[in-house]
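Since the structure comes first, as structure tokens, the remarks are kept for the end.
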Amino acid sequence: MDQEQIELTEIKVEFKHFDIIPTDEDNSITSDHHYFSSASTLSSPSFQKTIMKEWRILEGNLPDSIYVRVYEQRIDLLRAAIIGPAGTPYHDGLFFFDIQFPSNYPNAPPKVHYRSFGYRLNPNLYENGYVCLSLINTWSGAANEKWIPSQSTMLQVLVSIQALVLNAKPYFNEPAYANLPKNSDPWKTESLHYDENTFILSCKTMMCVLNAPPKFFEEFVVQHFRDRADAILSACKAYDTGRAQIGDQVTTTTAGKRITNKPSWTFKKSMENIYPKLVNSFAKSGPGSPNHEIQHTSRSSEGQGKYILLGSCLGLGIIIILFFLALYNPQP
């Protein structure tokens, strides 16, 4: 291995699923947290004991796709990153939530803010960061679906967001559509169009996260998209060309497939615009990401090239025909 190869070799450091950020002197560690300016709720020993219990539950039980950071200096605050589940329009995305335990916790549920970057990619996740979920009492629900002080935990909240909010058919999360037949037209078509828009917004969110990663998740963000860039871009191509439905797993065998529901014109135009930007964003993640070329996806550029070539050939053909006509039909 030569020196250049050695320099490009990267050591992949494991990013802990749960970690405690130590105290700093200027209180800057939580400065980008949504609830940073809210009054600290370090009010009693019982509150601190409750939070320590929550930390232990999180540390020992977080699924592989959820990462949490808590703060030694502000134990009332927490930040979570959820990886979008496979089989959904959110696959491979990173979704961040800022959380605060209220002073009367667990009698009241935690406050949850979604870092949306201004995009509403789910009926339950608003542009302003509001999270609509029965478990945190921000939406109606049966008694056993709402916050139960003696039973509910922060872990349940995070898992519920991942499973119930970031699901395969988010269109039906809208209360008015919840009881509609999911596999019957026109609702199936509407759901597919919603999935298309959701995936585009998820891609935009990826770029925002890469451009401004939350504190203490910087290395994780870069490594995640370095690892998943090729898979994301391959999915973009498969969805765009009608070889896979939004959320479907894209593999090498997908190449020859064609789906029944073709992508909409709106989706294809949006993908044509966003794909080069995604490639550029992922390229900033470092060596090995991504293994895609921008020009391969620009259908408009390819189309223009074909028309130019066709026009040139036609023009040359006309010139040749006129030449022979003049040759065999000389003017008197």
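Residue numbers (the working numbering): 7 to 338. We treat Cβ as the ideally placed atom computed from N, Cα and C, and that holds for glycine.
From the DSSP output, read off the bridge partner residues of residue 24.
-> Indexing the sequence shown from 1 puts residue 24 at position 18. Per DSSP, 74.
Would residue 340 and residue 242 qualify as a contact pair, given that the criterion is a beta-carbon distance under 7 Å?
This structure cannot speak to residue 340, because the chain is shown only from 7 to 338.
- Message: Below 8 Å on the Cβ atoms is my contact criterion, and I expect residue 143 with residue 115 to pass it. Report the Cβ-Cβ distance as a whole number of Å.
- Response: One-based indexing of the sequence shown puts residue 143 at position 137. One-based indexing of the sequence shown puts residue 115 at position 109. 5 Å between Cβ atoms; contact.
query = Which partner residues does residue 119 have in the DSSP bridge list?
reply = Reading the sequence shown from its first residue, position 113 is the one you call residue 119. The partner list for residue 119 (beta bridge, DSSP) reads 104 and 136.
**Q.** For residue 237, the first and last residue of its enclosing beta strand (DSSP E)
**A.** Position 231 of the sequence shown, counting from 1, holds the residue named residue 237. Bounds of any beta strand (DSSP E) do not take in residue 237; it lies within the alpha helix (DSSP H) bounded by 224-246.
Terminal residues of the continuous alpha helix (DSSP H) containing residue 126? For this step, residue 126 is matched to residue 120 along the sequence shown. Note, residue 126: premise wrong, no alpha helix (DSSP H); not H, not E.
Count the C-beta pairs between the region 126-135 and the region 80-94 that are closer than 8 Å, then say yes if the count reaches three, no if not.
-> In the pairwise beta carbon analysis, the region 126-135 is classified as not touching the region 80-94: fewer than three pairs are separated by under 8 Å.
- [ ] May I ask you to list the residues that DSSP assigns as paired with residue 84?
- [x] Sequence index remark: in the sequence shown, residue 84 carries index 78 (1-based). In DSSP, residue 84 forms a bridge with 76 and 105.
Give every residue of the same chain whose Cβ lies closer than 7 Å to the Cβ of residue 147, excluding the five residues on either side of it in the sequence, and list them in chain order. Along the sequence shown, read from residue 1 onward, the residue named residue 147 stands at position 141. Only residues of its own chain outside the window of five on either side were considered, and among them 140 have a CB closer than 7 Å to the CB of residue 147, listed in chain order.
Pop quiz: residue 244 and residue 235 are said to be a contact at Cβ under 8 Å. What is the actual Cβ separation, rounded to whole angstroms? Here residue 244 corresponds to residue number 238 of the sequence shown, with the count starting at 1. Here residue 235 corresponds to residue number 229 of the sequence shown, with the count starting at 1. Actually they do not touch by this definition, with Cβ atoms about 15 Å apart.
Per DSSP, which one or two residues make a beta bridge with residue 280? By 1-based counting over the sequence shown, the position of residue 280 is 274. Paired residue(s): none; residue 280 is not in a bridge.
> Candidates 174, 230 and 58: which alpha carbon is nearest residue 78's?
Replying inline: By 1-based counting over the sequence shown, the position of residue 78 is 72. Nearest C-alpha to residue 78: 58.
*asked:* Is it buried or exposed, residue 66, if we count other Cβ atoms within 10 angstroms and call 16 or more buried?
replied: For this step, residue 66 is matched to residue 60 along the sequence shown. Exposed: under 16 other Cβ atoms inside 10 Å.
Spatial neighbours of residue 119 in its chain, beta-carbon cut-off 6 Å, leaving aside the 5 residues before and after | The residue you call residue 119 lines up with position 113 of the sequence shown. Closer than 6 Å at Cβ, skipping near neighbours: 40, 104 and 135.
**Inter-stretch contact at 8 Å, needing at least 3 Cβ pairs: the region 192-199 / the region 171-182** = yes
*With 16 other Cβ atoms within 10 Å as the buried cut-off, status of residue 60*: Within the sequence shown, numbered from 1, the residue matching residue 60 stands at position 54. Residue 60 comes out buried.
Please list the terminal residues of the continuous alpha helix (DSSP H) segment that includes residue 201. Position 195 of the sequence shown holds residue 201. Per DSSP, residue 201 belongs to the alpha helix (DSSP H) from 193-217.
Kindly give me the distance between the Cβ atoms of residue 254 and residue 274, rounded to whole angstroms, as I take these residues to be in contact under 8 Å.
On the sequence shown, position 248 is the one that residue 254 refers to. On the sequence shown, position 268 is the one that residue 274 refers to. Actually they do not touch by this definition, with Cβ atoms about 17 Å apart.
Check your understanding: Skipping 5 residues on each side, what residues in its chain have a beta carbon closer than 6 Å to that of residue 221?
Key -> Start at 1 with the first residue of the sequence shown, and residue 221 comes out as number 215. Excluding positions up to five away in sequence, the list reads 38.
Discussion item. Excluding the 5 residues flanking residue 226 on each side, which residues of the same chain have their C-beta closer than 6 Å to its C-beta?
Written reply: As a working note, residue 226 is residue 220 in the sequence shown. 21, listed in sequence order.
So is residue 15 buried or exposed if we call it buried at 16+ other beta carbons inside 10 Å? What you label residue 15 is simply residue 9 of the sequence shown in a count that begins at 1. Residue confidence is low: residue 15 scores 42 on pLDDT, short of 50, so the model does not pin down where it sits. No coordinate-derived value is stated.
Requested in this report: Would you tell me roughly how many angstroms separate the C-alpha atoms of residue 131 and residue 138, rounded to the nearest one?
Outcome: Locating residue 131 in the sequence shown gives position 125, counting from the first residue. Locating residue 138 in the sequence shown gives position 132, counting from the first residue. So the two alpha carbons sit approximately 6 Å from each other.
- By DSSP, does residue 167 sit in helix, in strand, or in coil? Locating residue 167 in the sequence shown gives position 161, counting from the first residue. Looking at residue 167 - three-state DSSP - the assignment turns out to be helix.
- Query: To which residues of the same chain is residue 86 closer than 6 Å at the C-beta, ignoring the five residues directly before and after it?
  - Reply: On the sequence shown, position 80 is the one that residue 86 refers to. Within the same chain, 74, 103 and 164 come within 6 Å of residue 86 by CB-CB distance, once the 5 residues on both sides are set aside.
Subject >> Closest by C-alpha distance to residue 51, when choosing among 111, 289, 68 and 45 >> reply: The sequence position of residue 51 within the sequence shown is 45, counting from 1. For residue 51, the nearest C-alpha among the options comes from 111.
DSSP state of residue 142 mapped onto helix, strand, coil: Looking up residue 142 in the sequence shown gives position 136. In this structure, residue 142 counts as helix in the three-state DSSP scheme.
In this structure, does DSSP put residue 89 in helix, strand or coil? Indexing the sequence shown from 1 puts residue 89 at position 83. Note: residue 89 maps to strand in three-state DSSP.
Check: Residue range of the alpha helix (DSSP H) that residue 62 falls in?
Finding: As a position in the sequence shown, residue 62 is number 56, starting the count at 1. Membership of residue 62 in the alpha helix (DSSP H) is indicated by the continuous run 51-67.
Exercise. Leaving aside the five residues before and after residue 89 along the sequence, list all residues of the same chain whose C-beta is less than 6 Å from its C-beta, in chain order.
Key: To locate residue 89, count along the sequence shown from 1; it is residue 83. Correct list, in chain order: 71.
Around the C-beta of residue 29, are 16 or more other C-beta atoms found within 10 angstroms, so that it is buried, or is it exposed? For this step, residue 29 is matched to residue 23 along the sequence shown. Classification of residue 29: exposed, given that the 10 Å Cβ count is below 16.
How big is the Cα-Cα spacing for residue 216 and residue 240? Working through the sequence shown from its first residue, we reach residue 216 at position 210. Working through the sequence shown from its first residue, we reach residue 240 at position 234. Taking the straight line joining both Cα atoms gives about 19 Å.
- As assigned by DSSP and simplified to three states, the class of residue 267: Stepping through the sequence shown from its first residue, residue 267 is reached at position 261. Reduced to three states, the DSSP call for residue 267 is coil.
Option in 53, 252, 151 and 237 with minimal Cα separation from residue 197:
The residue given as residue 197 occupies position 191 in the sequence shown. Comparing Cα positions, the closest option is 252.
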